[in-house]
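Structure first, commentary second.
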Amino acid sequence: MEFGEIEAVIEGLLFAAGDRLPLEKISEVLQIDKKTVRKIIYKMMDDYQSTNRGIFIREIDNGFQLCTKFEVYDYIARLIEPRQKQGLSQAAYETLAIVAYNGPVTRAKIEKIRGVNSGSAIERLIERNLIREVGRLEVPGRPVIYDTTEEFLRSFGFRSKADLPVIDEDQMSFIRKEAEKEIAMREEREIAEERNESEE
5 MEFGEIEAVI
15 EGLLFAAGDR
25 LPLEKISEVL
35 QIDKKTVRKI
45 IYKMMDDYQS
55 TNRGIFIREI
65 DNGFQLCTKF
75 EVYDYIARLI
85 EPRQKQGLSQ
95 AAYETLAIVA
105 YNGPVTRAKI
115 EKIRGVNSGS
125 AIERLIERNL
135 IREVGRLEVP
145 GRPVIYDTTE
155 EFLRSFGFRS
165 KADLPVIDED
175 QMSFIRKEAE
185 KEIAMREERE
195 IAEERNESEE
């Protein structure tokens with residue numbers, strides 16, 4: 005195949021796949037070595053960025069996906085009228101950060117770092133497909149192990165977890181303090197509810 009034909013096939017494969025397509029799979033379909041395929045895709049990525057196109061190719065976890073550019077989002081939203089999703093809470097963001105930096109990780113470790121029950125935050129993140137169950141720890145009770153998903157990488161614009169920014173002790177301390185605030189607020193709500201019940 006000529007170079008232009010290879011680009012056309014890759015574009016078609018990415019479009020048909022919809023989600024991330026592993027480099028290995030693209031190489032297998034084209035019957036071209038991975039190094040060459042990667043070079044071709046990188047050139048395509050440059051071409052997409054330098055022209056007035058509504059789409060671009062994003063690299064995610066040693067794979068590639070055809071995505072729409074941010075500039076055309078409003079028009080796409082009008083077309084598909086997506087169901088509005090409720091934003092993540094502070095607790096969910098903190099939990100997601102812990103899973104991203106420590107995963108694979110158990111709920112017990114998440115709660116040890118946050119210092120507060122994180123069950124609802126974990127459930128919310130699973131619903132949003134930002135984290136998933138990846139197995140069980142081979143210890144008594146066999147607790148579930150959680151890790152981030154491809155959707156997490158895609159949503160936050162990372163190619164892999166190696167691209168995560170470095171987090172320092174001050175930032176972890178902030179997460180703990182926010183968790184402590186959450187505990188205090190929860191206790192205040194419980195006290196207020198008990199007071200209201202007793203008055204009734």
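Counting from 5, one number per residue, gives the positions in the sequence shown under the working numbering.
Cβ coordinates follow ideal geometry from the N, Cα and C atoms, glycine included.
Residue burial classification, residue i (beta-carbon count within 10 angstroms, cutoff 16)
i: R87; result: Residue confidence for R87 is low, a pLDDT of 48 falling below 50, so the modelled location carries little weight; the figure read from the coordinates is stated next. When all chains shown are included, R87 counts as exposed.
i: S122; result: buried
i: Q53; result: exposed
i: A112; result: exposed
i: M5; result: exposed
i: A104; result: buried
i: V120; result: buried
i: F68; result: buried
i: V41; result: buried
Residue(s) in a DSSP beta bridge with residue i
i: R140; result: V148
i: T110; result: I149
i: R62; result: Q69
i: I135; result: T152
i: P26; result: G67
Sequence-distant residues of the same chain with beta carbon closer than 7 angstroms to residue i, five excluded per side
i: L141; result: T110, P147 and I149
Other residues of its chain near residue i: CB distance less than 8 angstroms, five sequence neighbours each side excluded
i: E75; result: G58
i: E206; result: The first residue shown for the chain is 5 and the last is 204, placing residue 206 beyond what the model contains.
i: E32; result: none
i: L168; result: A104, Y105 and F162
Residue i vs residue j beta-carbon contact at 8 angstroms
i: L83; j: L18; result: no
i: I80; j: I44; result: no
i: R163; j: E63; result: yes
i: E98; j: N133; result: no
i: M205; j: I61; result: The structure shown has nothing for residue 205, since the chain only spans 5 to 204.
i: A166; j: A125; result: no
For residue j and residue i, believed in contact at Cβ under 8 angstroms, the rounded distance
i: N205; j: L27; result: Only positions 5 to 204 of the chain appear in the structure, and residue 205 is not among them; the question remains open.
i: T55; j: G107; result: About 38 angstroms separates the two Cβ atoms, so there is no contact after all.
i: R118; j: I135; result: Contact doesn't hold; Cβ gap of about 14 angstroms is too wide.
The ligand PLP heavy atom lying under 7 angstroms from the CB of residue i
i: I30; result: The ligand PLP is not among the ligands present in this structure, which contains no ligands whatsoever.
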